[in-house]
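Position 73 of the sequence shown, counting from 1, maps to 66 under our numbering, and the rest follow consecutively.
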Amino acid sequence: MTHSIPSLTGFTEHHGEWFAEGVSLSALANQYGTPLYVYSKHAICTAYRAYDVACIRANGSRRARIHYAVKANSNLAVLDELKQLGAGFDLVSGGELARALHVGADPKSMVFAGVGKSSDEIKFALSVGVKCINVESIPELQRINSIAKSLGLRAPVSLRVNPDVDAQTHPYISTGLKDNKFGIAYFEVLKTYREAALLPHIDIVGIDCHIGSQITSTSPYLDALDKVLDLIDQLKRDGIVIHHLDLGGGLGIDYGSDAPPDITEFTNTLLNRVDERGFGHLDVILEPGRSLVGNAGVLLTQVEYLKTGADKNFCIVNAAMNDLMRPALYDAYHAIVPIKSGIGKAITYDVVGPVCESGDWLGKDRALAVQEGDVLAILSAGAYGFVMASNYNTRGRPAEVMVDGDQAYLVRERESVNSLFANERTIGPS
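Printed below as a string of structure tokens:
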């Protein structure tokens, strides 16, 4: 497959040097060290507004609301910026709920999802008054009813439909097929809604569907949407009124060989189908994550060694699979560029990290003109980058910086080694 450098809002190359808005990546690497995640505020704002413009009708009324999928990038600075832009939040854990509350988000702008919610998480969500809990199974529905009873309230719920639609994406991030763990099987949805309507502490408010991530075609969305709209019609005949339609997220980005639809065009296509089928009265929710932040971030890493092998050359860097898991986990491609143009002839390398695993690689067969000490930028790392990072090999997670114009802000400090075992204890002498 042929790859190219993706077009990145907020990140540009001038005279052989890369910049985040008005700040050189070289200056950031020097000031904050590497590995380092760098985010562009401008890129996040631009992507959000591309969605938002399609969500407003010509008369000024709103036909859809954007709830950012926090799992894509949960840094508080990212959440706060999106809150200020007007976004609500799609949450899949009690920790993400706590983060959204910490930046001052209104609970009524939050949808709580996730396939394995604990009792404590459900109680937390109900206690603060989230807009809706998306239900993934019948046992979960019964648990929510019981917890709502103990709290003396009615729980607002939406059932997540598994429409058995192929999202045409990586199998690990496909969520809408019948053999995926997510949602309620399409053939069981009507029966489950009828059961939910009989539960005394359940208030049915919506219907939800999410089919996967890094989807680059509109057709799977339309297939799933039509199935869900058919269900809403059938539910109405049963006397069950749906107030909101949650279409989920999952729109892909360009990593270098992808061709996702334009955000505004994509959003208009979905919302126009909703209107054409006579459901324009519904409160529609969209839950983008990757498409808001994926191309708004890069990971900077320094070249430690250049190693010549019998069959491979290795560019060994100080970032690793614990910093950016996607290549090792999904065989995912990220474009990799020197932040300053190198001298000499480009040589083909596998870009690998220092972790003691053969799966610790960040890019394979990359033509790079680099020397030891140079800094590389791993592009399109704003989504599912830091949030999936770990401390494997007792490695501290990177610092994170957000750039706004010609100003850079440290939005997360680098973890020190001592902090990694601050909560651990030995049991003393035998």
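Cβ atoms here follow ideal geometry from the backbone N, Cα and C, with glycine treated the same way.
Exposure label - residue i; buried when at least 16 CB within 10 Å
i: T341; result: exposed
i: P132; result: exposed
i: F82; result: buried
i: A226; result: For the record, residue 226 in the displayed sequence is Asp; it is not Ala. Looking at its Cβ environment, which holds fewer than 16 other Cβ atoms inside 10 Å, D226 is exposed.
i: D113; result: exposed
i: Y41; result: buried
i: A428; result: No information on residue 428 is available, as it lies outside the stretch -6 to 423 that the chain covers here.
i: A65; result: buried
i: I195; result: buried
i: A362; result: exposed
i: K171; result: With a pLDDT of only 48 at K171, under 50, the local geometry of the prediction cannot be trusted, and the value read off the model is given with reservation. The residue is exposed, with fewer than 16 neighbouring Cβ atoms inside 10 Å.
i: V234; result: exposed
i: S167; result: With a pLDDT of only 43 at S167, under 50, the local geometry of the prediction cannot be trusted, and the value read off the model is given with reservation. S167 comes out buried.
i: I60; result: With the sequence shown as reference, residue 60 is identified as His, and Ile is not the correct amino acid for it. Answer is buried; the Cβ neighbour count reaches 16.
i: A252; result: exposed
i: Y165; result: For Y165, the predicted structure reports a pLDDT of 41, less than 50, and the residue's modelled location is therefore unreliable. A value from the coordinates is still provided. Burial call: exposed.
i: K101; result: exposed
i: T5; result: exposed
i: R92; result: buried
i: P331; result: buried
i: K110; result: buried
i: I177; result: buried
i: Q421; result: A small correction: the amino acid at residue 421 is Gly; Gln does not occupy that position in the sequence shown. Label assigned to G421: exposed.
i: T294; result: buried
i: E406; result: exposed
i: E89; result: buried
N- and C-terminal bounds of the beta strand (DSSP E) containing residue i
i: G290; result: 290 to 301
i: V368; result: 368 to 371
i: R58; result: 58 to 62
i: S151; result: 148 to 155
i: V344; result: 340 to 345
i: V410; result: Taken as a continuous stretch (DSSP letters only), V410 belongs to no beta strand (DSSP E), being part of the alpha helix (DSSP H) at 410 to 413.
i: V198; result: 195 to 202
i: R270; result: Here R270 belongs to no beta strand (DSSP E), and DSSP marks it neither H nor E.
i: A360; result: 354 to 361
i: N427; result: Any answer about residue 427 is impossible in this case: the structure gives the chain only from -6 up to 423.
i: C308; result: 306 to 310
i: H424; result: Residue 424 lies beyond the stretch modelled for the chain, which goes from -6 to 423, so this question has no answer here.
Proximity winner among the options, relative to residue i (alpha-carbon distances)
i: A312; options: F379, G302, K338, A118; result: F379
i: K229; options: T209, C38, L183; result: L183
i: V197; options: A20, P149, N155; result: In the sequence as presented, Val is not what sits at residue 197; that position holds Ile. Comparing Cα positions, the closest option is P149.
i: D223; options: A47, W11, V154; result: V154
i: E350; options: N68, P193, S143, N315; result: N315
i: L21; options: G107, D201, A370; result: A370
i: P391; options: Y377, I137, Y402, E408; result: E408
i: Y30; options: A401, I420, V46; result: A401
i: E424; options: R405, T387, V396; result: A question about residue 424 goes unanswered here, because the residues of the chain that appear run from -6 up to 423.
i: E280; options: V104, L69, G346; result: V104
i: K338; options: A360, M318, K220; result: A360
i: A141; options: S102, G122, F307; result: G122
i: G290; options: F180, E74, K101, E393; result: E393
i: D99; options: G9, I137, V368, L72; result: L72
i: Y385; options: F414, T260, Y61; result: F414
i: S210; options: S86, E297, D255; result: D255
i: I336; options: E10, S0, T2, G3; result: E10
i: G302; options: D343, S423, E188, G375; result: D343
i: C125; options: E74, L75, R405, G199; result: G199
i: I278; options: L144, F12, H237, G249; result: H237
i: G287; options: S334, K300, D247; result: D247
i: L218; options: F12, P156, Y25; result: P156
i: V96; options: T185, G87, A70, N127; result: A70
Residue i: CB within 6 Å of a non-hydrogen atom of the ligand MG
i: E129; result: Of the ligands one can find in the structure shown there are none, so the ligand MG has no counterpart to examine.
First through last residue of the alpha helix (DSSP H) which encompasses residue i
i: I37; result: 34 to 45
i: T185; result: 182 to 191
i: P331; result: No alpha helix (DSSP H) holds P331; the beta strand (DSSP E) holding it covers 329 to 331.
i: R283; result: 283 to 286
i: A13; result: First-last for A13: 10 to 13, but that is the beta strand (DSSP E), not the alpha helix (DSSP H).
i: A321; result: 319 to 323
Self-check item: Contiguous beta strand (DSSP E) assignments of at least 3 residues, all confined to the stretch 208 to 260
Solution: Counting only runs of at least 3 residues, the stretch 208 to 260 fully encloses the following beta strand (DSSP E) elements, listed from N- to C-terminal order: 237 to 239.
Quiz item: Taking the runs of the alpha helix (DSSP H) that are 4 residues or longer, which of them lie wholly in the stretch 61 to 144?
Solution: You should have 69 to 78, 87 to 95, 112 to 121, 131 to 144.
Exercise. Pick out the complete beta strand (DSSP E) segments inside the stretch 380 to 408, 3 residues or longer, and give them in chain order.
Key: When DSSP assignments are scanned along the stretch 380 to 408, the uninterrupted stretches of beta strand (DSSP E) that are 3 or more residues long and fall wholly within it turn out to be 392 to 397, 400 to 405.
Exercise. Check whether the stretch 202 to 217 touches the stretch 237 to 247, taking contact to mean three or more Cβ pairs, one atom from each stretch, closer than 8 Å.
Key: Inter-segment contact for the stretch 202 to 217 and the stretch 237 to 247 is present: three or more beta-carbon pairs are separated by less than 8 Å.
Quiz item: For the 8 Å Cβ check, are there 3 or more pairs between the stretch 50 to 60 and the stretch 254 to 273?
Solution: Remark: three or more beta-carbon pairs, one from each stretch, lie closer than 8 Å, so the stretch 50 to 60 and the stretch 254 to 273 are flagged as touching.
Exercise. Examine the Cβ distances between the stretch 7 to 26 and the stretch 270 to 277 and report whether three or more of them are shorter than 8 Å.
Key: Verdict: no, contact absent.
Exercise. Evaluate the contact criterion for the stretch 326 to 333 versus the stretch -6 to 6: three or more CB pairs, one atom per stretch, below 8 Å.
Key: Verdict: yes, contact present.
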